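The structure appears below as structure tokens.
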Amino acid sequence: MSTGQNIENTVVQQTEPVISIKNVTMKFKIATGNVSSLKEYIIGRIKKQITHRELVALNDITFDVMKGEVVGIIGTNGSGKSTLLKIVSGALKPTSGTVKVDRNKVQLLTLGTGFDYELTAKENVYLNGAIIGFTKEYIDEKYEDIVKFAELEGFMEEKMKNFSSGMVSRLGFAIATMRETPEILILDEVLSVGDEFFRKKSMERIQQMIHGGSTVLIVSHSISTIQQNCTKAVWIEKGIQRMTGEPKAVCEAYQNMRN
Amino acid sequence: MKKEQLKQYWFVIKELTGRELKRKYSRSYLGVLWSVLNPLLSMAVMSAIFSMMFQRSIENFPIYYLTGSIIWSLFTGATNAAMTSLVDNKQLLIKVKLPMQVFTLSRVYTSLANFGYSFVAYVVFLFIFKIPLNWTMLVLIPIVALTLLFATGLSLFLASAYVFFGDIKHLYGILLTLWMYISALFYPVTALSETMQAVVRENPMYCYIAAARECMMYGKLPDAGLWIRMIVWAVVIFTFGQLFFQSKKNNIMQKV
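Protein chains in written order, with numbering that gives the first Met the number 0: chain Z, 0 to 258; chain C, 0 to 255.
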């Protein structure tokens, strides 16, 4: 695929890391047995049946992401990828270790878009834009571009419950990438879905952003997504950083483990 | 920078509140008009019931009830909606650039907006029942503010607890029923036994309701004891809610 090669060519001089993850460990205390209701919790407490065990979601993860790099994080489901993502975006504080990143530059794009389907697309643009940190003036300014990119001219006053999934993901992508200045884009499984046409278009947009100095972090369990798009890959399995380096080598090792 | 952040906070709260209000009547023909129409009609029903059925016990009984009822609805509207604020906004939690509390606060603010609509209807009834205008009515503003502070504290606690225990919702519903009966919404507190009176007087919601009646119905200012109770309850519960929320932040993020 030509898009992948283009990205590879754009790796600029690597100065200092945009994201620096050092010895990050994340431990959770989870109750044994499934305590989901207050009744079970109280009864368990009284009977002293609730014991906590420690779950190590991430164990000593260390890697840097340089400016202009496209780094892929690969691993099976439940391997700690999304926990890492939450830590990078600042939503979770790691148990130990440090993450250096400018949180204001991080744009996160996930499959769950957080749209309210009872509202119109326009209302959702403002709601989502506000949540991810844009001012009203800025959204006003970019509104036309968003509509154009998402190819939703004439649909913006309609409730989103009438939208197809393709329309929804286009709008989500358009909102997350509305800013032109260099930033850190985190894509959580989004490139594995959507129609071919949209994938091509969104890859072009990502490339554009990288040319403008942006950095991309792709989280996926799909080998092809990582191989086609990334300049570096990190493989995380059950919270342990198994391998870091060339996407091809990392993906091969990942595939061998799976077979 | 600080000012910009505050402005953004306000923008997010406005957007989230706008969403709640739009959602509520999105399927109805009259739309947002229902926000005023609904309290107006239900107040009409309640006034009719209370002026016909329990007339004797209290002077201006409908207004006595309505004054308590708008404060009570402000409180229950805020806490009930805020309880599910984190779970409902799961997808947005991870993306938000502001403190997560913004989702809970916006639900409380939505309740204040609804209070505003109800208040329009309430004023109509003040005229119908010929309640004289008095400058003490302005004191309702700090009383509402304190009620909100109290509600916010409880909301922050409920919202974070609800992430872990879904059945809090049902328990809280039952607690609210009990709480309503000891808030003297539709009876005079003097109708109770001495011990029950003492209990009711310590009830924070009764304090806010009683203070509202003083300034709206009787043209009086709440006495010092009432002020102290109102302020202490609001500050203590707000601080507790905020601290509880902060301490559970990481767990909430992991759970949702």
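For each residue, glycine too, the CB sits at the ideal point set by N, CA and C.
Given the structure is predicted, the values throughout are model-derived calculations rather than measurements.
Q. Assuming Met159 (chain Z) contacts Tyr116 (chain Z) under a Cβ cut-off of 8 angstroms, what Cβ separation, rounded to an integer in Å, is found between them?
A. Counted from its first residue, the first sequence places residue 159 (chain Z) at position 160. Counted from its first residue, the first sequence places residue 116 (chain Z) at position 117. Rounded, the Cβ-Cβ distance is 5 angstroms, consistent with contact.
Q) Just checking, does the stretch 85-99 of chain C make contact with the stretch 247-255 of chain C on the three C-beta pairs under 8 angstroms criterion? A) yes
Q: Could you tell me the boundaries of the beta strand (DSSP E) in which Gln106 (chain Z) lies?
A: Mapped onto the first sequence, residue 106 (chain Z) falls at position 107. Val105 to Thr109 is the extent of the beta strand (DSSP E) around Gln106 (chain Z).
Q) By DSSP, does Gly71 (chain Z) sit in helix, in strand, or in coil? A) Start at 1 with the first residue of the first sequence, and residue 71 (chain Z) comes out as number 72. Of the three classes helix, strand and coil, the one that applies to Gly71 (chain Z) here is strand, per DSSP.
Q. Distance, Cα to Cα, Leu15 (chain C) vs Lys135 (chain Z)?
A. Against the second sequence, residue 15 (chain C) aligns to sequence position 16. Against the first sequence, residue 135 (chain Z) aligns to sequence position 136. Cα-Cα distance, rounded: 13 angstroms.
Q) Roughly how many angstroms lie between the CA atoms of Asn258 (chain Z) and Thr75 (chain Z), to the nearest whole one? A) Position 259 of the first sequence, counting from 1, holds the residue named residue 258 (chain Z). Position 76 of the first sequence, counting from 1, holds the residue named residue 75 (chain Z). Distance between the alpha carbons of Asn258 (chain Z) and Thr75 (chain Z) is about 13 angstroms.
**Q.** Through-space distance from Ala232 (chain Z) to Glu245 (chain Z), alpha-carbon basis
**A.** Mapped onto the first sequence, residue 245 (chain Z) falls at position 246. Mapped onto the first sequence, residue 232 (chain Z) falls at position 233. For Glu245 (chain Z) and Ala232 (chain Z), the distance between alpha carbons rounds to 6 angstroms.
Q. Do you know how far the Cα of Glu213 (chain C) is from the Cα of Tyr63 (chain C)?
A. Translated into positions along the second sequence, residue 63 (chain C) becomes position 64. Translated into positions along the second sequence, residue 213 (chain C) becomes position 214. Taking the straight line joining both Cα atoms gives about 10 angstroms.
Q. So which of C:Val122, C:Met82, C:Ser25 and C:Ile70 has the shortest CA-CA distance to Ala43 (chain C)?
A. Here residue 43 (chain C) refers to the residue found at position 44 when the second sequence is read from its first residue. That would be C:Val122, whose Cα lies nearest to the Cα of Ala43 (chain C).
Q.
Could you compute how far the alpha carbon of Leu97 (chain C) sits from the alpha carbon of Met51 (chain C)?
A. As a working note, residue 97 (chain C) is residue 98 in the second sequence. As a working note, residue 51 (chain C) is residue 52 in the second sequence. Approximately 51 angstroms between the Cα atoms of the pair.
Q.
Are the CB atoms of Ile70 (chain C) and Ala158 (chain C) within a distance shorter than 8 angstroms?
A. Within the second sequence, residue 158 (chain C) is the residue found at index 159, counting from 1. Within the second sequence, residue 70 (chain C) is the residue found at index 71, counting from 1. No, the Cβ-Cβ distance between Ala158 (chain C) and Ile70 (chain C) is not below 8 angstroms.
Q: Evaluate contact between the stretch 140-157 of chain C and the stretch 76-87 of chain C, counting only Cβ atoms and requiring at least three cross-stretch pairs below 8 angstroms.
A: yes
Q. Who are the neighbours of Asn103 (chain Z) on chain C, taking C-beta pairs under 8 angstroms?
A. On the first sequence, residue 103 (chain Z) is found 104 positions in, with the first residue counted as 1. Near Asn103 (chain Z) (Cβ distances below 8 angstroms), the residues of chain C are Lys96.
Q) What are the start and end residues of the beta strand (DSSP E) that includes Asp59 (chain Z)? A) On the first sequence, position 60 is the one that residue 59 (chain Z) refers to. From DSSP, the beta strand (DSSP E) with Asp59 (chain Z) extends over His51 to Met65.
(Q) Residues in the same chain with beta-carbon distance under 6 angstroms from Phe148 (chain Z), minus the five sequence neighbours each way, listed in chain order, please. (A) For the purposes of this step, residue 148 (chain Z) is identified with residue 149 of the first sequence, where counting begins at 1. These residues qualify, in order along the chain: Ala173.
Q.
Quick test of the definition: if touching needs 3 or more C-beta pairs under 8 angstroms, does the stretch 118-134 of chain C touch the stretch 179-189 of chain C?
A. no
Q. Under the rule that 16 or more other beta-carbon atoms within 10 Å means buried, what is Asp222 (chain C), buried or exposed?
A. Numbered from 1 along the second sequence, position 223 holds the residue referred to as residue 222 (chain C). It counts as exposed.
Q | Straight-line Cα distance separating Met179 (chain C) from Tyr8 (chain C) | A | Along the second sequence, read from residue 1 onward, the residue named residue 8 (chain C) stands at position 9. Along the second sequence, read from residue 1 onward, the residue named residue 179 (chain C) stands at position 180. Straight-line Cα distance between these residues: approximately 33 angstroms.
Q.
Please list, in chain order, the residues of the stretch 14-30 of chain Z that have any C-beta partner in chain C closer than 7 angstroms.
A. Phe27
Q. Is the stretch 132-146 of chain Z touching the stretch 28-48 of chain C, taking contact as three or more C-beta pairs under 8 angstroms?
A. no
Q: Evaluate the contact criterion for the stretch 76-89 of chain Z versus the stretch 234-243 of chain C: three or more CB pairs, one atom per stretch, below 8 angstroms.
A: no
Q) Does the Cβ-Cβ distance between Phe124 (chain C) and Ser46 (chain C) come in under 8 angstroms? A) As a working mapping, residue 124 (chain C) is identified with position 125 in the second sequence. As a working mapping, residue 46 (chain C) is identified with position 47 in the second sequence. Yes.
Q: Would you mind stating whether Asn103 (chain Z) and Thr61 (chain Z) have Cβ atoms separated by less than 8 angstroms?
A: Taking the first sequence and counting its residues from 1, one reaches residue 103 (chain Z) at position 104. Taking the first sequence and counting its residues from 1, one reaches residue 61 (chain Z) at position 62. It is not a contact, given that the beta carbons lie outside the stated cut-off.
Q) Of the choices Z:Gly211, Z:Ala56, Z:Arg169 and Z:Ile130, whose alpha-carbon is the least far from that of Lys199 (chain Z)? A) For the purposes of this step, residue 199 (chain Z) is identified with residue 200 of the first sequence, where counting begins at 1. With distances taken between Cα atoms, Lys199 (chain Z) lies closest to Z:Arg169.
Q. How is the alpha helix (DSSP H) around Met202 (chain Z) delimited, first residue to last?
A. As a working mapping, residue 202 (chain Z) is identified with position 203 in the first sequence. Here the alpha helix (DSSP H) through Met202 (chain Z) covers Glu195 to His210.
Q. Where Ala129 (chain Z) and Thr109 (chain C) are concerned, what is the direct C-alpha to C-alpha distance, given to the nearest angstrom?
A. As a working mapping, residue 129 (chain Z) is identified with position 130 in the first sequence. As a working mapping, residue 109 (chain C) is identified with position 110 in the second sequence. If I take the Cα positions, the gap works out to 17 angstroms.
Q.
What does DSSP give as the partner residue(s) for Gly244 (chain Z) in the beta ladder?
A. Counted from its first residue, the first sequence places residue 244 (chain Z) at position 245. According to DSSP, Gly244 (chain Z) bridges with Z:Ala232.
Q) Ile181 (chain C) by DSSP, collapsed to three states: which one? A) For the purposes of this step, residue 181 (chain C) is taken as residue 182 along the second sequence, with counting starting at 1. Reduced to three states, the DSSP call for Ile181 (chain C) is coil.
Q: Answer with buried or exposed for Lys99 (chain Z), where buried requires no fewer than 16 other C-beta atoms within 10 angstroms of its C-beta.
A: The residue you call residue 99 (chain Z) lines up with position 100 of the first sequence. Exposed.
Q) Exposed or buried, Gly71 (chain Z), counting other C-beta atoms within 10 Å across all chains shown (16 or more means buried)? A) Here the question's residue 71 (chain Z) lines up with position 72 in the first sequence. Label assigned to Gly71 (chain Z): buried.
**Q.** Where Met166 (chain Z) sits in the DSSP three-state scheme
**A.** Here residue 166 (chain Z) refers to the residue found at position 167 when the first sequence is read from its first residue. DSSP places Met166 (chain Z) in helix when its eight states are reduced to three.
**Q.** Bounding residues of the alpha helix (DSSP H) (the contiguous stretch that carries Leu104 (chain C))
**A.** Counted from its first residue, the second sequence places residue 104 (chain C) at position 105. Segment Gln100 to Ile127, the alpha helix (DSSP H) holding Leu104 (chain C).
Q) Any C-beta of chain C sitting closer than 8 angstroms to the C-beta of Thr260 (chain Z)? A) Here chain Z covers residues 0 to 258 and nothing more, so residue 260 (chain Z) does not appear.
**Q.** Three-state secondary structure assigned by DSSP to Leu132 (chain C)
**A.** Walking along the second sequence from the start, residue 132 (chain C) turns up at place 133. Coil.
Q.
Quick check: the stretch 139-153 of chain C against the stretch 223-238 of chain C, are at least 3 beta-carbon pairs closer than 8 angstroms?
A. yes
Q) With respect to the beta strand (DSSP E) encompassing Asp187 (chain Z), which residues constitute its N-terminal and C-terminal limits? A) Here residue 187 (chain Z) refers to the residue found at position 188 of the first sequence. Residues Ile183 to Asp187.
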